[in-house]
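According to UniProt numbering, the sequence shown is numbered sequentially starting from 1.
Each residue gets a CB set at the ideal place from its N, CA and C atoms; glycine is no exception.
A quick note: this is a predicted structure, and the numbers were derived from the prediction, not measured.
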Amino acid sequence: MSTLNLKIQDEIAFIEFDQPDSKVNVLNTSAMQELDSILGQLAGGAHPDVKALLITSKKDGIFIAGADIKEIEVINTVAEAKEKAEKGKEILFKLAELKLVTMAVINGACLGGGLELALACNYRVAGLSNKIKIGLPEVKLGIIPGFGGTQRLPRVIGLTKAVSMILGGEVVSGSNALRLGLVDRLFSDARIVEEAVDFVREILEGRGRPKKKQKREIISLFLEETHLGRNILFDQAKKNVLKKTKGFYPAPLKAIDVLWRTYGMDIRKGSVIESEVFGELAITDISKNLIKVFYLNEEFKKIPWVGPDCKPAEIKKCGIVGAGVMGGGIAQLLSFYDIPTRVKDINFESLKTALKTAKSLFDYSLKKRKLKQAQVDFKLGLISPTVTYQGFENADFVIEAVVEDINIKQKVFKEISQITRSDTVLASNTSSLPIIKMAEVATSPERMVGLHFFNPVHRMPLVEVIRSSKSSDKSIATAIAFARKIGKVVIVVKDVPGFLINRILLSYMNEAGFLIEEGLRMEKIDEVALKFGMPMGPIELIDEVGVDVGYKVAKILEEAYGSRMRVAAILKKAKEKGLLGKKSKRGFYIHKGKEKIPNAEIGHLLEASGQCNVSDETALKRMVYIMVNEATRCLEEGVVDRPETIDIGMIMGTGFPPFRAGLLRYADSVGVDHIVRDLRNLEKLPNGERFKPCDRLILMTEKKAKFY
Numbered sequence: 001m002s003t004l005n006l007k008i009q010d011e012i013a014f015i016e017f018d019q020p021d022s023k024v025n026v027l028n029t030s031a032m033q034e035l036d037s038i039l040g041q042l043a044g045g046a047h048p049d050v051k052a053l054l055i056t057s058k059k060d061g062i063f064i065a066g067a068d069i070k071e072i073e074v075i076n077t078v079a080e081a082k083e084k085a086e087k088g089k090e091i092l093f094k095l096a097e098l099k100l101v102t103m104a105v106i107n108g109a110c111l112g113g114g115l116e117l118a119l120a121c122n123y124r125v126a127g128l129s130n131k132i133k134i135g136l137p138e139v140k141l142g143i144i145p146g147f148g149g150t151q152r153l154p155r156v157i158g159l160t161k162a163v164s165m166i167l168g169g170e171v172v173s174g175s176n177a178l179r180l181g182l183v184d185r186l187f188s189d190a191r192i193v194e195e196a197v198d199f200v201r202e203i204l205e206g207r208g209r210p211k212k213k214q215k216r217e218i219i220s221l222f223l224e225e226t227h228l229g230r231n232i233l234f235d236q237a238k239k240n241v242l243k244k245t246k247g248f249y250p251a252p253l254k255a256i257d258v259l260w261r262t263y264g265m266d267i268r269k270g271s272v273i274e275s276e277v278f279g280e281l282a283i284t285d286i287s288k289n290l291i292k293v294f295y296l297n298e299e300f301k302k303i304p305w306v307g308p309d310c311k312p313a314e315i316k317k318c319g320i321v322g323a324g325v326m327g328g329g330i331a332q333l334l335s336f337y338d339i340p341t342r343v344k345d346i347n348f349e350s351l352k353t354a355l356k357t358a359k360s361l362f363d364y365s366l367k368k369r370k371l372k373q374a375q376v377d378f379k380l381g382l383i384s385p386t387v388t389y390q391g392f393e394n395a396d397f398v399i400e401a402v403v404e405d406i407n408i409k410q411k412v413f414k415e416i417s418q419i420t421r422s423d424t425v426l427a428s429n430t431s432s433l434p435i436i437k438m439a440e441v442a443t444s445p446e447r448m449v450g451l452h453f454f455n456p457v458h459r460m461p462l463v464e465v466i467r468s469s470k471s472s473d474k475s476i477a478t479a480i481a482f483a484r485k486i487g488k489v490v491i492v493v494k495d496v497p498g499f500l501i502n503r504i505l506l507s508y509m510n511e512a513g514f515l516i517e518e519g520l521r522m523e524k525i526d527e528v529a530l531k532f533g534m535p536m537g538p539i540e541l542i543d544e545v546g547v548d549v550g551y552k553v554a555k556i557l558e559e560a561y562g563s564r565m566r567v568a569a570i571l572k573k574a575k576e577k578g579l580l581g582k583k584s585k586r587g588f589y590i591h592k593g594k595e596k597i598p599n600a601e602i603g604h605l606l607e608a609s610g611q612c613n614v615s616d617e618t619a620l621k622r623m624v625y626i627m628v629n630e631a632t633r634c635l636e637e638g639v640v641d642r643p644e645t646i647d648i649g650m651i652m653g654t655g656f657p658p659f660r661a662g663l664l665r666y667a668d669s670v671g672v673d674h675i676v677r678d679l680r681n682l683e684k685l686p687n688g689e690r691f692k693p694c695d696r697l698i699l700m701t702e703k704k705a706k707f708y
């Protein structure tokens with residue numbers, strides 16, 4: 001079956017994209033060959049009466065999602081990648097050089113190669129709905145645009161805006177695309193093709209308004225049209241990229257190089273340079289790993305986790321108990337997704353703080369033009385504060401986000417289970433406490449689940465849904481659907497202390513505490529982790545979380561898992577000294593605004609130690625391999641049943657470096673046998689029993705097995 005269909009109506013030709021047996025359209029080899037053939041017909045005079053071409057899609061909410069990533073993934077040589085890019089570009093040059101009025105009718109996602117195709121048209125129109133997503137996200141796959149995006153986008157919207165879009169892999173809405181000059185008109189989604197036809201007829205009859213020239217500010221003219229200005233623009237872009245990526249991701253830097261070298265160059269000559277750089281990047285391990293992460297992300301958006309016959313309940317209204325950092329953050333997120341939310345706290349000040357936090361987040365969206373003032377006002381109005389449970393009887397879903405104390409949480413669930421309907425799902429945002437202990441005090445314990453958000457709620461993509469021994473499939477299905485509705489990636493985990501992510505992450509943070517006790521400087525520990533690619537060093541992370549909070553969770557894990565989870569003494573000492581981290585301005589570091597310096601008080605809490613002989617390499621192995629060991633135990637115990645769940649969870653929940661494709665993918669790249677050997681050597685250290693390899697790791701070594 002064909003992907004493309006050519007229709008002729010009077011003097012207008014239509015190329016309809018509708019890839020068979022797929023929810024999306026992609027520019028794979030066969031689709032590009034079909035496009036090439038049709039464009040050849042139009043260019044060769046096979047339809048002499050045709051004066052205009054509209055490119056449309058029959059997929060709901062999808063124009064063209066991009067090139068076929070599967071085809072990019074299997075490329076093994078620079079020459080092969082370059083050839084693929086050149087062939088694609090040549091077809092788009094054929095489109096760009098047609099002696100017709102050409103228009104892309106964007107009815108949904110228009111990404112990567114899809115946008116590059118649209119840019120080769122004379123005009124672009126888009127729908128008004130939130131289904132419209134337009135951008136060049138290739139850098140997120142470790143490559144640069146390969147079908148002419150680095151050449152055509154600056155010509156359409158200007159160099160400054162193009163640099164921002166390409167380097168950040170930025171995706172914009174239809175209204176923002178219009179503001180940028182990326183599309184020429186916005187039409188109603190229901191009549192977008194009909195209105196596009198009317199627009200084309202206006203153009204053909206000379207009635208259409210001439211293309212609106214984008215207003216260019218003096219600073220933009222300077223940055224784009226002078227050699228000095230371009231030097232400043234690209235130097236600053238490079239600094240921003242290095243600050244954000246720490247140099248781990250070559251694609252944005254290579255994109256800068258291509259944009260810099262080719263700006264003002266003949267488009268065909270510039271396109272050759274783009275193809276060469278695309279080829280260099282497409283074969284790198286980083287690109288292959290980022291593609292694996294992309295697949296993981298897509299897969300975990302769809303995994304059902306429960307049987308197909310179990311349908312989730314519809315969530316129209318929510319309640320939240322606890323207006324602290326997490327409760328307030330969750331309330332803002334729910335209102336962002338237009339869910340009326342009742343927030344209850346015993347403290348008026350906490351409620352005021354939660355509303356203030358929500359407003360500041362919405363104000364930021366307003367500043368970035370992601371929302372309009374009317375939208376902000378409406379969404380803020382969906383959050384209603386209260387010091388009673390009034391209104392909770394109408395809630396379909398209630399989230400508890402009070403302090404991490406089992407007695408307080410049990411009290412809350414005893415109260416809300418008596419007030420809410422029997423079919424209301426009750427969820428705890430606990431980071432480590434057993435869900436079953438809360439379910440035991442609730443009426444209808446089958447409706448109890450864990451719903452563990454990560455801080456900050458509006459940024460961290462992951463939610464752990466925790467299934468207790470009493471949770472019903474219906475409750476789990478509803479929690480999953482609810483979390484996905486508010487834009488989260490979901491993993492379902494067994495109800496054990498620490499669940500999955502915190503159990504693994506705490507072993508990393510705790511090991512950093514032991515390294516401090518052995519005399520390794522805290523800034524060195526953080527530096528080692530940052531050089532590995534972690535978004536934050538473990539000591540800084542402890543301060544960010546709160547030393548008291550970190551210690552409390554670590555203590556829960558020690559009580560549950562015994563001596564191998566023994567809490568580093570320095571955490572307890574710092575907590576008792578009142579060094580609570582960033583929130584108290586003093587923790588392992590002294591925090592002054594955005595600056596931090598090592599806190600000398602920590603040294604006074606340490607027992608006298610001699611020269612530290614721990615190398616950077618050993619420190620890294622201790623922190624990372626102990627996570628690998630704990631993650632493998634989680635597989636062994638059935639906390640989750642697939643390594644993919646651990647890898648997506650660690651990337652989305654902790655920021656584990658995506659370019660390494662996940663904790664267990666990284667373990668495979670090192671070699672399980674090497675990790676077991678090093679763990680056995682570390683086990684020989686004083687109090688080194690925590691490094692003892694778990695049974696599954698040993699068995700994998702014996703069988704020469706991998707996680708993947």
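Return the Cβ separation of residue i and residue j in integer angstroms, given the expectation that the two are a contact with Cβ distance under 8 Å.
i    : j    : result
C310 : I339 : Their Cβ separation, rounded to whole angstroms, is 22 Å, which puts C310 and I339 out of contact at 8 Å.
G513 : I556 : With 8 Å as the limit, G513 and I556 do not qualify as a contact, their Cβ atoms being about 16 Å apart.
N289 : R633 : Actually they are not in contact, since the Cβ atoms of N289 and R633 sit about 24 Å apart, beyond 8 Å.
L426 : I419 : Incorrect: roughly 11 Å between the Cβ atoms, too far for contact.
I144 : L281 : 6 Å
T284 : G328 : Contact flag wrong, Cβ pair sits at about 41 Å.
K59  : K23  : 7 Å
F691 : L679 : 5 Å
Would residue i be called buried (16 or more neighbouring beta carbons within 10 Å of its own) or exposed?
i    : result
N681 : exposed
G40  : exposed
L221 : exposed
V403 : exposed
V74  : exposed
N599 : buried
G127 : buried
H674 : exposed
D49  : exposed
K409 : buried
D10  : exposed
A196 : buried
D377 : exposed
D219 : In the sequence as displayed, the identity of residue 219 is Ile instead of Asp. It counts as exposed.
I62  : buried
K625 : It is Tyr, not Lys, that sits at residue 625 in the sequence shown. When all chains shown are included, Y625 counts as buried.
Go ahead and pull the three-state DSSP assignment for residue i.
i           : result
A65         : coil
P154        : helix
residue 709 : Outside the modelled stretch of the chain, which goes from 1 to 708, sits residue 709, for which no answer is possible.
T284        : coil
N629        : helix
M534        : coil
T478        : helix
F397        : strand
E518        : coil
K494        : strand
Q9          : strand
P461        : coil
S432        : coil
So, are the CB atoms of residue i and residue j less than 8 Å apart?
i    : j    : result
V277 : K244 : no
E511 : R622 : yes
A331 : D345 : no
G113 : A251 : no
G149 : L136 : yes
L520 : V614 : yes
A442 : F413 : yes
V463 : A483 : yes
*Which ranges would you report for the alpha helix (DSSP H) in the region 130-205 if only whole runs of at least 4 residues count?*
Listed in chain order, the alpha helix (DSSP H) elements of length 4 or more contained wholly in the region 130-205 are 149-157, 159-168, 174-180 and 192-204.
_Minimum length 3: unbroken beta strand (DSSP E) runs contained in the region 536-593_ = Uninterrupted beta strand (DSSP E) stretches at least 3 residues long and entirely within the region 536-593 occur at 589-592, given in chain order.
*Ignoring anything shorter than 4 residues or poking outside the region 337-399, list the alpha helix (DSSP H) runs there in chain order.*
For the region 337-399, the continuous alpha helix (DSSP H) assignments of 4+ residues that do not extend past its boundaries occur at 348-367 and 373-380, in sequence order.
*Complete beta strand (DSSP E) runs within the region 240-321 (minimum length 3 residues, chain order)*: As far as the region 240-321 is concerned, its whole beta strand (DSSP E) runs of at least 3 residues are 318-321.
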